[in-house]
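Asker: Quick note, the sequences are listed as chains V and R, same order. Under this note's numbering, think of the first position of the first sequence as 35, with each following residue one higher. Under this note's numbering, think of the first position of the second sequence as 10, with each following residue one higher. I'd like to ask you about the structure that follows.
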Amino acid sequence: MSSALGTHDIAAGFVDPPHESQRVFRGVLEAFAHPGRIVTVADAPAAPGLLCRATAAFLLTLADRDTPLWLAPEFDSPEVCDFVRFHTGAPIVGGRAEAAFAVLAHDQLLPFDTFSIGTDTYPDRSATLVIEVPALGAGPALIWRGPGIDGQASVAVAGLSHVFWLDWAANHSLFPCGVDVVFAAGSQLVALPRGIAVES
Amino acid sequence: MPDIPVQDAAYNYAYLDEQTKRMIRRAILKAVAVPGYQVPFGGREMPLPYGWGTGGIQVTAAIIGRDDTLKVIDQGADDTTNAVSIRRFFARVADVATTTRTEEASVIQTRHRVPETPLKEGQILVFQVPIPEPLRMLEPRETETRTLHALSEYGVMQVSLYESIARHGRIAKTYNYPVMVNERYIMSPSPIPKFDNPKLDRSPALQLYGAGREKRIYAVPPYTPVKSLDFDDHPFEIETWSECCALCGSRESFLDEMIVDDTGKRLFLCSDTDWCQERQGVLPEEPPK
Numbered sequence: 035m036s037s038a039l040g041t042h043d044i045a046a047g048f049v050d051p052p053h054e055s056q057r058v059f060r061g062v063l064e065a066f067a068h069p070g071r072i073v074t075v076a077d078a079p080a081a082p083g084l085l086c087r088a089t090a091a092f093l094l095t096l097a098d099r100d101t102p103l104w105l106a107p108e109f110d111s112p113e114v115c116d117f118v119r120f121h122t123g124a125p126i127v128g129g130r131a132e133a134a135f136a137v138l139a140h141d142q143l144l145p146f147d148t149f150s151i152g153t154d155t156y157p158d159r160s161a162t163l164v165i166e167v168p169a170l171g172a173g174p175a176l177i178w179r180g181p182g183i184d185g186q187a188s189v190a191v192a193g194l195s196h197v198f199w200l201d202w203a204a205n206h207s208l209f210p211c212g213v214d215v216v217f218a219a220g221s222q223l224v225a226l227p228r229g230i231a232v233e234s
Numbered sequence: 010m011p012d013i014p015v016q017d018a019a020y021n022y023a024y025l026d027e028q029t030k031r032m033i034r035r036a037i038l039k040a041v042a043v044p045g046y047q048v049p050f051g052g053r054e055m056p057l058p059y060g061w062g063t064g065g066i067q068v069t070a071a072i073i074g075r076d077d078t079l080k081v082i083d084q085g086a087d088d089t090t091n092a093v094s095i096r097r098f099f100a101r102v103a104d105v106a107t108t109t110r111t112e113e114a115s116v117i118q119t120r121h122r123v124p125e126t127p128l129k130e131g132q133i134l135v136f137q138v139p140i141p142e143p144l145r146m147l148e149p150r151e152t153e154t155r156t157l158h159a160l161s162e163y164g165v166m167q168v169s170l171y172e173s174i175a176r177h178g179r180i181a182k183t184y185n186y187p188v189m190v191n192e193r194y195i196m197s198p199s200p201i202p203k204f205d206n207p208k209l210d211r212s213p214a215l216q217l218y219g220a221g222r223e224k225r226i227y228a229v230p231p232y233t234p235v236k237s238l239d240f241d242d243h244p245f246e247i248e249t250w251s252e253c254c255a256l257c258g259s260r261e262s263f264l265d266e267m268i269v270d271d272t273g274k275r276l277f278l279c280s281d282t283d284w285c286q287e288r289q290g291v292l293p294e295e296p297p298k
């Protein structure tokens, strides 16, 4: 992690932040309101480093100086750090428990409870994890149930192990505490809020 | 000629600054993730007094965009002071199309009613909430109500409903009737008549609730169970009327009672003006600017 802005070019952010961030937010809100639905992020700018466009747009829209960000080693590159610091001002932290947002790769996952899960009295003080996956709508389909889903939904997210879904069951059982997850691939997102039960 | 709304360049888009919108947006996402839980947020001073919809306006400002069509109702009516001024506010600061038709709206900000026309998936209903805490009249301390929610300890609410039955022979609460969301949190549905409570249950639309004075945001995602509290031997019931609407003849909508002359002659009218006009086949007027 570099501590000062590098001399290389920083990837561009939004051209028209109020309107682009509004459209991205409505996409994210649709994803949270309809867990399992694949939402294509409008106006996703070219992303720095190994971040995908959807993750970059998510951070530009929701991260700022009030939201400590934790980056998995894969994403903790000067390009990404400079992009985040320059465009959002979010402090990049080394301690997972401090993070409001975190960006992880599907193949280097960590137990959810190493992040903030909120408290019984303030369950909103939990982290939101953006997990980059190879593809959405591909891979084994699982049955999701919970608020926002009419009955049940069959949702396929590629690149996740059996262990991930065991961890998810443990996270879901903490409700109303627990982390919320956003899967990102390319310029697409799928949200998995803590209230969703997944049959694995 | 109606004025074409032009965004007021003296303000950021949708009035609030971007940092404030991000803060509210994060609160909305957590509210959607924990249905019925009240998320604290840094409510801002708005250019109207508390009680006129400052919470709802902040939620609307955080979500609205130029692609949206906004409807604002106050007690079901599109043409009352609060509704007209909020609609004009957003036409001016957010350059957004407005409508009075429920089915044309993508965002509906409401004070104290849910439209009669069934809502669709993709629509967002924003409620203005005066007192977000359903237990507040039973327990004034915030630290205590927060603990009661954390422990899902809602006996005090059941006791208050029981006392109402003991005193009146029925649950006498007619508005702001408490609901259980997703079998976890008791929630205030805002002061909508209990007539509207069934419309909240498994609604395809997203419900967002904003309380400006108390600085709380909460939400009910689509298709989420919302159960009005009751007892097995005193099941939840909605209001009924022996009359029908004097203008459209509706028997299935919420009716307001009006005194129309000095001798006390009474009329019943639909509270939802759009519903009533639609049934009468009246074309909507241009939304008042």
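Note that CB positions come from ideal geometry on N, CA and C, so glycine has one too. Every value quoted in this text rests on a predicted model; they were computed, and no experiment measured them.
Flag residue 74 of chain R as yes if its beta-carbon sits less than 8 Å from any beta-carbon of chain V, otherwise no.
Answerer: Within the second sequence, residue 74 of chain R is the residue found at index 65, counting from 1. Chain V contact via Cβ: present.
Asker: So if I threshold CB-CB distances at 9 Å, which residues from the region 53-68 of chain V count as touching chain R?
Answerer: 53, 55, 56, 57, 59, 60, 62, 63, 64, 66, 67 and 68
Asker: Check the Cβ of residue 96 of chain V against every Cβ in chain R and list those closer than 7 Å, keeping chain order.
Answerer: For the purposes of this step, residue 96 of chain V is identified with residue 62 of the first sequence, where counting begins at 1. Going along chain R in sequence order, the residues near residue 96 of chain V (Cβ under 7 Å) are 31, 34 and 35.
Asker: Buried or exposed: where does residue 270 of chain R fall if 16 or more other Cβ atoms within 10 Å of its Cβ makes it buried?
Answerer: Start at 1 with the first residue of the second sequence, and residue 270 of chain R comes out as number 261. Residue 270 of chain R should be labelled exposed.
Asker: Anything in chain R within Cβ reach of residue 182 of chain V, meaning under 9 Å, just list it in chain order.
Answerer: As a working note, residue 182 of chain V is residue 148 in the first sequence. Under the 9 Å cutoff, chain R gives 41, 44, 215, 230, 231, 232 and 233.
Asker: Using the rule of at least 16 other Cβ atoms within 10 Å of the residue's Cβ for burial, across every protein chain shown, is residue 119 of chain R buried or exposed?
Answerer: Here residue 119 of chain R corresponds to residue number 110 of the second sequence, with the count starting at 1. That one is buried.
Asker: Whole alpha helix (DSSP H) runs in the region 186-219 of chain R with 4 or more residues, listed along the chain?
Answerer: 206-209
Asker: Let's test the definition: count the other Cβ atoms within 10 Å of the Cβ of residue 55 of chain R and tell me whether it reaches 16, buried, or not, exposed.
Answerer: Taking the second sequence and counting its residues from 1, the one referred to as residue 55 of chain R is at position 46. Classification of residue 55 of chain R: buried, given that the 10 Å Cβ count is 16 or more.
Asker: Quick one: what's got a C-beta closer than 7 Å to residue 169 of chain R's C-beta in the same chain, skipping five residues either side?
Answerer: If you number the second sequence from 1, residue 169 of chain R lands on position 160. 147.
Asker: For the region 214-226 of chain V against the region 54-72 of chain V, are there 3 or more C-beta pairs whose distance is under 8 Å?
Answerer: yes
Asker: Taking 8 Å as the threshold (beta carbon to beta carbon), is residue 107 of chain R in contact with chain V?
Answerer: For the purposes of this step, residue 107 of chain R is identified with residue 98 of the second sequence, where counting begins at 1. Answer no: the Cβ-Cβ gap between residue 107 of chain R and chain V never drops below 8 Å.
Asker: Using the DSSP secondary-structure output, state which residues sit across from residue 21 of chain R in a beta bridge.
Answerer: The residue given as residue 21 of chain R occupies position 12 in the second sequence. In DSSP, residue 21 of chain R forms a bridge with R/24.
Asker: Along chain V, which residues have their Cβ under 8 Å away from the Cβ of residue 128 of chain R?
Answerer: Counting from one through the second sequence, the residue named residue 128 of chain R turns up at place 119. Here the premise fails: no neighbours, minimum Cβ distance about 13 Å.
Asker: Closer than 8 Å is the cut-off here; do at least three beta carbon pairs connect the region 63-77 of chain R with the region 177-184 of chain V?
Answerer: no
Asker: Write down every uninterrupted run of the beta strand (DSSP E) in the region 128-185 of chain V whose length is 3 residues or greater and which is fully enclosed by it, in chain order.
Answerer: Listed in chain order, the beta strand (DSSP E) runs fully inside the region 128-185 of chain V are 135-139, 162-166 and 170-179, counting runs of at least 3 residues.
Asker: Mind checking residue 259 of chain R: buried by the 16 CB within 10 Å criterion, or exposed?
Answerer: For this step, residue 259 of chain R is matched to residue 250 along the second sequence. Counting Cβ neighbours within 10 Å, residue 259 of chain R comes out buried, since at least 16 surround it.
Asker: Would you say residue 228 of chain V reaches chain R, if we count a Cβ-Cβ gap shorter than 8 Å as a contact?
Answerer: The count along the first sequence starts at 1 and reaches residue 228 of chain V at position 194. Chain R, which has a Cβ nearer than 8 Å to the Cβ of residue 228 of chain V, makes this yes.
Asker: Answer yes or no: does any C-beta atom of chain V fall closer than 8 Å to that of residue 18 of chain R?
Answerer: Along the second sequence, one-based indexing puts residue 18 of chain R at 9. No, residue 18 of chain R does not count as interfacial toward chain V.
Asker: So, residue 280 of chain R versus residue 84 of chain R, is the Cβ gap smaller than 8 Å?
Answerer: Taking the first residue of the second sequence as position 1, residue 280 of chain R is located at position 271. Taking the first residue of the second sequence as position 1, residue 84 of chain R is located at position 75. Yes, they are a contact pair.
Asker: How would you label residue 144 of chain R, buried or exposed, when you count the other beta carbons within 10 angstroms and need 16 or more for buried?
Answerer: To locate residue 144 of chain R, count along the second sequence from 1; it is residue 135. Buried is the call here.
Asker: Identify which residue in R/203, R/274, R/96 and R/160 has its Cα closest to the Cα of residue 46 of chain R.
Answerer: Numbered from its first residue, the second sequence carries residue 46 of chain R at position 37. Comparing Cα-Cα distances from residue 46 of chain R to each of R/203, R/274, R/96 and R/160, the minimum goes to R/160.
Asker: Relative to the alpha-carbon of residue 151 of chain R, which residue among R/181, R/223, R/234 and R/182 has its alpha-carbon at the smallest distance?
Answerer: Numbered from its first residue, the second sequence carries residue 151 of chain R at position 142. Cα-wise, what sits closest to residue 151 of chain R is R/223.
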